[in-house]
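First the structure, in the form of structure tokens, and then the observations on it.
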Amino acid sequence: MDYISLAILGCAIVTFIPRVIPALFIDRLEFPPKVEKFLNLIPYTALAALICPGVLTVDNQLWYIGLIGAVVAAGLAWKKVPLGAIVILTVVVLITVYSIVPFF
Amino acid sequence: MGIGYAAIAMKAGFTPLQTISMSFLVYAGAGQIIAASMALTGASVMAIVLTNFVVNLRYFVMSTCVLNQVEESNLGLNILASHVTVDESFAMFSLSEDSHIWIYLGIAITAWLSWCLGAGIGVVLLDILPVIVTNSFNISLYALFVAILTPAVKESKQIALLVLITAVLNIVLSQFLGNWSLIVSTLVGAAVGMYIVDDEYLISGDD
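If you want it as structure tokens, here you go:
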């Protein structure tokens, strides 16, 4: 097996194991309310951590590209625009920004 | 996103089949891009696999959250659900009111197949698409995250504060911990949240 296939296989195994462990044991677990609350908080903190600072590296040369995208998406979500429309509009805005940037 | 990954993988010498099967088998957005970038620089298999383990360890937490939320599931469906748990499917499901296993699988399997399709499109279209377009697509995942998080932040000052604290924490920690910072910030943030967020603001699909 070549180098890349080995790497893919290895990554597949180490990614699957942590994911599947909860599936094997979750039925036998009854979480106390405190743990339940902790788990319910994780979506918010995970999203916060996924966005910051990663969003600034959308474009490795122009950090503000990601910031513009995030502000546009937040603004649209604030106005209750549907999820799919937000994603599409944000991409369209960025393509527009990219077309304007060379003029400055 | 899938297209961006394919761009790096092909540059690193992946065959089209390898590029697509990694999306199918590993199914980890950032993890795959990092693995392909490392292969590009000639990193050892061991280094690539270990880095992937660290970067993807967050799926343990996400999988636990999702499976704790789903109802009317069984072991087989849970195993399938755990494989298709990534940032997007987790984010969309965990902050929604739905808790049925098939709703989750619907969201998550669609995302999985589109990710594979993205890799396939990337393999074919790579030379045609301009960099501007692929870069603009890179924002789509973040746009989704921001769009999911914004209503909760708007709704509750406590959640907003928690999001701010976690974001700052992760920005600081990423300077020191590298790939570990995401999971550490997520868990520390949730622990802080235990004290600053009242129960009434949390969506719980379980009860």
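Top line first, the protein sequences correspond to chains A and B. At position 16 of the first sequence (counting the first as 1) the number is 16 in this note's numbering, and the numbers step up by one without a gap. Converting from the second sequence to this note's numbering requires adding 1000 to each position, the first position being numbered 1. Each residue gets a CB set at the ideal place from its N, CA and C atoms; glycine is no exception.
List the endpoints of the continuous alpha helix (DSSP H) containing residue i.
i: T1150 of chain B; result: 1131-1155
i: L1187 of chain B; result: 1181-1196
Measuring CB to CB, does residue i end up less than 9 angstroms from residue j?
i: L9 of chain A; j: A1147 of chain B; result: no
i: A1143 of chain B; j: A73 of chain A; result: yes
i: V1049 of chain B; j: A23 of chain A; result: no
i: T45 of chain A; j: T1166 of chain B; result: yes
i: L1187 of chain B; j: P18 of chain A; result: no
i: L1162 of chain B; j: G1189 of chain B; result: yes
i: A1035 of chain B; j: T1051 of chain B; result: yes
i: V1084 of chain B; j: A1111 of chain B; result: yes
i: V1066 of chain B; j: A1030 of chain B; result: no
i: T96 of chain A; j: I1139 of chain B; result: no
For residue i, which of helix, strand or coil comes out of DSSP?
i: E1071 of chain B; result: strand
i: M1 of chain A; result: coil
i: G1004 of chain B; result: helix
i: S1044 of chain B; result: coil
i: V14 of chain A; result: helix
i: P33 of chain A; result: helix
i: I1128 of chain B; result: coil
i: F104 of chain A; result: coil
i: L1169 of chain B; result: helix
i: A7 of chain A; result: helix
i: L1057 of chain B; result: coil
Give the interface partners of residue i over in chain B, defined as CB-CB distance under 8 angstroms, in chain order.
i: F103 of chain A; result: Going along chain B, no residue has its Cβ under 8 angstroms from F103 of chain A, so there is no contact; the nearest lies around 14 angstroms.
Taking Cβ-Cβ distances shorter than 9 angstroms, what residues in chain A pair up with residue i?
i: L1161 of chain B; result: What L1161 of chain B touches in chain A: nothing, since even the nearest Cβ is about 11 angstroms away.
i: M1010 of chain B; result: Residues of chain A passing the Cβ test: none, with the nearest at roughly 11 angstroms.
List, in chain order, every chain B residue whose beta-carbon is nearer than 7 angstroms to that of residue i.
i: W78 of chain A; result: T1150, K1154
i: L47 of chain A; result: A1091, F1145, I1148, L1149
Residues of chain A with CB under 7 angstroms from residue i, in chain order?
i: A1035 of chain B; result: A7, C11
4-residue-minimum alpha helix (DSSP H) runs that sit fully inside the segment 1012-1039 of chain B, ordered along the chain: 1016-1025
Runs of alpha helix (DSSP H) lying entirely within the segment 1079-1111 of chain B, each at least 4 residues, in chain order: List check, alpha helix (DSSP H) in window: 1087-1094.
Complete alpha helix (DSSP H) runs within the segment 26-96 of chain A (minimum length 4 residues, chain order): 33-51, 63-78
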